[in-house]
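Asker: Pasting in a structure now, in structure tokens, and then I'll have a few things to ask.
Chains as they are written, first to last, in the working numbering: chain A, 1 to 286; chain B, 1 to 68.
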């Protein structure tokens, strides 16, 4: 057998085998490799390469090495899921680098990190001033996770004490021009409703690339023909504006009327309407 | 425009808004949001009732402007 044919057969075999064995190891994200994962992957790679290039004298030896280096990690991962002690050894533990805003030098030493490393990792997290950090942890994958001090954290609706609408995820009802019946049915809608809505927007169904329906039945469209401007749904804004107008009208009538009993009715209406606007405003803001 | 006509216009606007809220409430899946929407639709219904009675009084006072 010529040398090149030998290498071809070995390479093909090694390729198929590694593909299969790596699948056995399970789905672990390559972006989150621990040190142990890295070593395993390198050994498997080198063994497979040596095997396929005929650097190993004994083919069986190469196969055994490959099998051991894939099956052992697979086994250890299974054990790691079951026992915390194994997990700590295999995947490493996180190291607290900054606690209560103070850098822990001995922990830094333990993780073999220089102060420059720490600062550069913090900068990667958009933290340029270490005094902004309340708590930072070195993950087993070598990444630093940062918790900023309360006053440096980005504002959320909660910190601003704002009431925001509770919105469920929109359903995609048309993809690439094809109507998806399942999401439509999940929202309790049907094709007829969709056609009516598309007609309202003045769009032919076959021209729609993506259509999404939000929780209140508003439809958002993207067309194949990008020259056409699709109107954004305004029903929610319109309802809110109408309510506000009616509330102002009622207050106006209450001021204008000369009969006290009519004034009372209008005043009550204006009061109820402003309560309604307060409660429903967050839901109607898009 | 007479007062009666103005109140009728407001009433029509409110009816539209109330119908839209009910439509939102029927489609909404989040139970909390659904509850808020339908409760406020009911409140609007009360307001509509109040204004309706008011229109009745106004029409009684100014029968020449009766009808929408």
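We treat Cβ as the ideally placed atom computed from N, Cα and C, and that holds for glycine.
Model, not experiment: these values are computed from the prediction.
Taking Cβ positions only, does residue 245 of chain A come closer than 9 Å to chain B?
Answerer: It does: the Cβ of residue 245 of chain A has a partner Cβ on chain B nearer than 9 Å.
Asker: Starting from residue 212 of chain A, follow its DSSP beta bridges and name the residues at the other end.
Answerer: A/172 and A/220
Asker: When the distance is taken between beta carbons, is residue 201 of chain A closer than 9 Å to residue 219 of chain A?
Answerer: yes
Asker: Could you tell me whether the segment 122 to 140 of chain A touches the segment 171 to 182 of chain A, where touching means 3 or more Cβ pairs closer than 8 Å?
Answerer: no
Asker: Mapping the DSSP letters down to three states, classify residue 47 of chain A as helix, strand or coil.
Answerer: In the three-state scheme derived from DSSP, where H, G and I count as helix and E and B as strand, residue 47 of chain A is classed as helix.
Asker: Which same chain residues end up closer than 8 Å to residue 190 of chain A when comparing Cβ atoms and leaving out the 5 residues on each side of it in sequence?
Answerer: 184
Asker: Taking the alpha carbon of residue 41 of chain B as the reference point, which residue from B/61, B/20 and B/31 has its own alpha carbon closest?
Answerer: B/20
Asker: Against chain A, which members of the segment 25 to 39 of chain B pass a CB distance test of less than 7 Å?
Answerer: 27, 28, 29, 30, 32, 33, 36 and 37
Asker: Measuring straight from C-alpha to C-alpha, what distance separates residue 215 of chain A and residue 157 of chain A?
Answerer: In a straight line, the C-alpha of residue 215 of chain A is about 20 Å away from that of residue 157 of chain A.
Asker: Please report the Cβ distance between residue 131 of chain A and residue 101 of chain A, rounded to the nearest whole angstrom; I am assuming they are in contact, meaning their Cβ atoms lie under 8 Å.
Answerer: Distance from residue 131 of chain A to residue 101 of chain A at the Cβ level is roughly 7 Å; contact confirmed, criterion being Cβ atoms closer than 8 Å.
Asker: Any beta carbon from chain A within less than 9 Å of residue 13 of chain B's own beta carbon?
Answerer: yes
Asker: Go through its chain and collect everything with a Cβ distance to residue 45 of chain B's Cβ below 8 Å, but skip five positions before and after it.
Answerer: 18
Asker: List the DSSP bridge partners of residue 79 of chain A.
Answerer: Beta-bridge partners of residue 79 of chain A (DSSP): none assigned.
Asker: Can you list, in chain order, the residues of the segment 260 to 272 of chain A whose Cβ is nearer than 8 Å to any Cβ on chain B?
Answerer: 262, 265, 266, 268, 269 and 272
Asker: Please list the residues of the segment 186 to 214 of chain A that have a C-beta atom closer than 8 Å to any C-beta atom in chain B, keeping them in chain order.
Answerer: Residues of the segment 186 to 214 of chain A with a Cβ closer than 8 Å to any Cβ of chain B, in chain order: 187, 188 and 189.
Asker: On the DSSP letters alone, give me the boundaries of the beta strand (DSSP E) that residue 288 of chain A sits inside.
Answerer: A query on residue 288 of chain A cannot be resolved here, the shown segment of chain A reaching from 1 to 286 and no further.
Asker: Within the chosen definition, does the segment 105 to 122 of chain A reach the segment 51 to 60 of chain A through at least 3 CB pairs nearer than 8 Å?
Answerer: No: the two stretches stay apart, fewer than three of their Cβ pairs being nearer than 8 Å.
Asker: Rounded to the nearest angstrom, what separates residue 2 of chain B and residue 38 of chain B at their Cα positions?
Answerer: 33 Å
Asker: Starting from the Cα of residue 144 of chain A, find the closest Cα among A/113, A/151 and A/152 and give me that residue.
Answerer: Taking only the C-alpha atoms, the option nearest residue 144 of chain A is A/113.
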